[in-house]
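For reference, the structure is listed below as structure tokens.
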Amino acid sequence: MTTTRITTRVFRGTPRNLARLARVLQRGGLVGVPTETVYGLAADAGNARACRAIFRAKGRPASDPLIVHIHDWGQLESIAEPNAAAAMLAAAFWPGPLTLVLPKKSVIPPEVTAGLPSVAIRMPGHPLFRKLLKRCGRPLAAPSANPFGYVSPTTAAHVLSGLRGKIGAILDGGPAQIGLESTIVDVRDPARPRLLRPGAISRKQLERVLRCPVLTAAPGGGDRQRAQLAPGMLKRHYSPRTPVILHERIARTDFAHGAPDEAWLLMRQPRQVALPHVSWLDPQGELRGVARRLFGRLRELDAAGYRCIHVELARGGGLAEAINDRLRRAAARA
Ligand code: AMP
Ligand code: MG
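Per my numbering, the very first residue in the sequence shown carries number 81; after that it's consecutive.
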């Protein structure tokens, strides 16, 4: 195991830089990339050595498979066996924050899929990442660009703070517009799609397109095959170091006289409150704003040295399911 530190550079998305970073990837290097969900750590998905370097840089267990990012449908057909359900979801939501699990073809090395016969695939919508994918001309494997288990990065600065010295390059594409990892749906059996991770594309949206129920694959529960299938379903994940305490609802009486070393994070701005230990995610509690700011705020509060962070859960369906999923994992202790 090497411990050599390398210099990490942040690149803006100029044509020259994109050409240079595409060459880095084609030669088997790693690049931190912007996506509309969270920042990813990309490598050539057909290069086993390059993909092993992703796991090393992140400290990610080899049993946690990577998502493969594609530029167009032709690339999907080169790496997986699509079916009608995949085609319908792709037509409705790609490019976008949706990942499909399908049977893989042999060009994808076992390192990428943690030895599974399936591969998770997404066509991202971020314009800079799409340009980079096009220039590379090959699918790119990319998990979130953070040390394993920590809060996912939504800015280039977050990537730098977690992976400085471990990777050579980060492409800065501005703050992630969605801020939560993609929805993952297993469509290997097109008649029985299963939601493996909630995200910005809601279960209802998937059901409307597929015209059948989308069942949840619940985490834990002693189902070994399922644990193997989607380790992103680990109970504790996406976690700050500071303990997170969840509340269905936070009232003024809870935080108004709270200890100054405990932070309170609300969904929406309360009336007439100016306390340094109280903050909120969106002025109106609008869920898209909440999702976009959630990980950045958890990082800030984590760095501020509070004894604990009280967080209010989101209410409603759709995005609230994804937000609360991440909050529950952030709060899980083991
Ligand atoms: P990350 O990009 O860090 O959010 O992690 C990618 C996640 O995608 C993994 O943790 C899994 O939950 C999921 N995933 C990747 N490949 C597969 C697969 N072949 N089958 C099921 N889930 C997968
Ligand atoms: Mg991750």
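Ideal Cβ positions, reconstructed from N, Cα and C, are used throughout, including at glycine.
Is residue i near the ligand MG, in the sense that its beta carbon is under 7 Å from a heavy atom of that ligand?
i      : result
Pro273 : no
Ser241 : no
Ser359 : no
Pro141 : no
Pro223 : yes
Ser232 : yes
Give the secondary structure of residue i by DSSP, where H, G and I count as helix, E and B as strand, and everything else as coil.
i      : result
Gly93  : coil
Thr179 : strand
Glu287 : helix
Glu116 : coil
Lys211 : helix
Trp153 : helix
Arg379 : helix
Leu101 : helix
Val324 : strand
Thr263 : strand
Lys138 : helix
Met347 : strand
Cys131 : helix
Arg409 : helix
Arg277 : strand
How big is the Cα-Cα spacing for residue i and residue j?
i      : j      : result
Ala222 : Val370 : 25 Å
Thr115 : Ile188 : 22 Å
His390 : Tyr119 : 26 Å
Arg442 : Arg372 : The chain is shown only over 81 to 414; residue 442 falls outside these bounds and no answer can be derived.
Gly154 : Ala256 : 26 Å
Ala236 : Gly112 : 8 Å
Val294 : Val265 : 9 Å
Leu378 : Ala133 : 28 Å
Ala343 : Ile258 : 24 Å
Ile330 : Thr88  : 41 Å
Given a threshold of 16 other Cβ atoms within 10 Å of its Cβ, counted over all protein chains shown, does residue i qualify as buried or as exposed?
i      : result
Ile86  : exposed
Cys216 : buried
Glu261 : buried
Leu98  : buried
Arg268 : buried
Leu355 : exposed
Looking at residue i: is its Cβ nearer than 8 Å to the Cβ of residue j?
i      : j      : result
Leu180 : Ile150 : no
Leu346 : Phe91  : no
Thr322 : Asp405 : no
Pro183 : Glu161 : yes
His337 : Glu392 : no
Arg413 : Tyr318 : no
Ala280 : Thr296 : no
Looking at chain C, is there any beta carbon in it that lies within less than 8 Å of the beta carbon of residue i?
i      : result
Arg274 : Chain labels in this structure do not include chain C; a single protein chain is all it has.
Compute the minimum distance between the beta carbon of residue i and the heavy atoms of the ligand AMP, and state whether it is under 7 Å.
i      : result
Thr84  : no
Pro177 : no
Leu407 : no
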